[in-house]
Amino acid sequence: MIFFNLQHSIIFDTGDEYLAFINLCVYNIYTMNKRIIFYIFSAVILVISISCMNSGDTVIPALNPGSKANPDELTLNCLFPVQVGRNWTYRYRENKFSYHYKRIICDSSYLEKWTVMENNGNPGNTQNYISVKRESQKDSSVINRMEYYLNNNNSSFLWYGFKDENKNEEHSFDGKLLIFPIEINSSWSTDIPFDGSDFYVKIKGINKISTVSDVVNSPAGTFIHCVRADFTAKERLNVTGAGLSDVEGITSYWYAPNIGIVETRLFIRVKSIDKPEIDEKSEITRILESYSIN
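Taking the working numbering, the leading residue of the sequence shown gets 1, the next gets one more, and so forth.
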């Protein structure tokens, strides 16, 4: 038996009880050390995770490889059919994180409907254009309307401008989305804008065909033989509202044969030199929910 005397000393009746007490102490020390090691390890992982988040490094999405697209599927009419009446509905989500304030400052989600319309005198040599209507999830009220101006020929697919009715703005640029023939790792210089609810940044960069065999899973179905193009850009330039800033971004497009664009992902970080409180990362995704090939 082990008991405390009046002076709080521990008295042992037998040697076995003494050994049992020693074993208990050793076990408790071992268990405590394991917990300390676990907490230290957890703290290290947390610090690493926060450091990675705060780094804001642009990361090209991982590949989801499947079977390779056939040559007949790597044509413009197949990858982005623009016949009048075709339409696509996307789940649009926009998230903005402030590294200065260390919190999310915007997180919104809408339905975005794209419809191919006949050319009604839009500038440039475009056959048709895309009418974009962004709707609230709550009551289907129209939040914004836009027009995307396109130009296509046998050698390229261009997005060269758009009109934002809500902001009453028009923008033009040299957005070479695809260059034909489609070849893996082919790349070209172009300027594709980074556009969100409260920002517009036009920047020169490199567009590259990363794969012709990606698989995209979406609410509208699973799409194979997808062509993915990744536009990457990094530059110091003047940004409206932020002044002179370091800008880094990636925009990825997935094209499914006979369907069109099935997913897009945009990442941009703007770190202002003139205004230190502006250090923000925006991410915008579109994932196809439904489509019509009328």
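Note that beta-carbon positions come from the ideal geometry of N, C-alpha and C, so glycine has one too.
The model shown is predicted, which means the values in this text are computed figures rather than measured ones.
Going by DSSP, what residue range makes up the beta strand (DSSP E) through residue i?
i	result
N207	K204 to S218
I222	In the sequence under discussion, the amino acid at residue 222 is Thr, which differs from the Ile named in the question. Taken as a continuous stretch (DSSP letters only), the beta strand (DSSP E) holding T222 covers G221 to V239.
K113	R103 to E118
Y90	N87 to S98
Please state whether the Cβ-Cβ distance between residue i and residue j is less than 7 Å.
i	j	result
Y90	E112	yes
L244	D274	yes
E289	A220	yes
H100	D279	yes
L266	F157	no
V132	V84	no
D174	D191	yes
I261	Y253	yes
I250	T222	no
F97	K271	no
Y148	I130	yes
R286	Y92	yes
F82	N128	A small correction: the amino acid at residue 82 is Val; Phe does not occupy that position in the sequence shown. Contact flag set, yes.
D230	S213	no
E263	V216	yes
H225	A62	no
G196	E94	yes
I182	L74	yes
F180	I268	no
Y291	L79	no
I203	E248	no
Kindly identify the DSSP beta-bridge partner or partners of residue i.
i	result
R269	E248 and K281
I261	Y255
P71	Paired residue(s): none; P71 is not in a bridge.
D195	Y200
G243	V239
P61	P61 pairs with nothing; no bridge assigned.
In this structure, does DSSP put residue i in helix, strand or coil?
i	result
S292	strand
P276	coil
I287	strand
S51	Annotation note: pLDDT 43 at S51 (below 50); position unreliable, coordinate value reported separately. Three-state result, S51: helix.
Q83	coil
On the DSSP letters alone, give me the boundaries of the alpha helix (DSSP H) that residue i sits inside.
i	result
L79	L76 to L79
If we define contact as Cβ-Cβ less than 7 Å, is residue i a contact residue for chain B?
i	result
I224	Here chain B cannot be found, since the structure has a single protein chain.
Does any heavy atom of the ligand MN sit closer than 6 Å to the C-beta of residue i?
i	result
E235	The ligand MN is not part of this structure, which contains no ligands at all.
Continuous beta strand (DSSP E) assignments of at least 3 residues falling wholly in the stretch 123-186: 128-135, 142-152, 156-164 and 169-179
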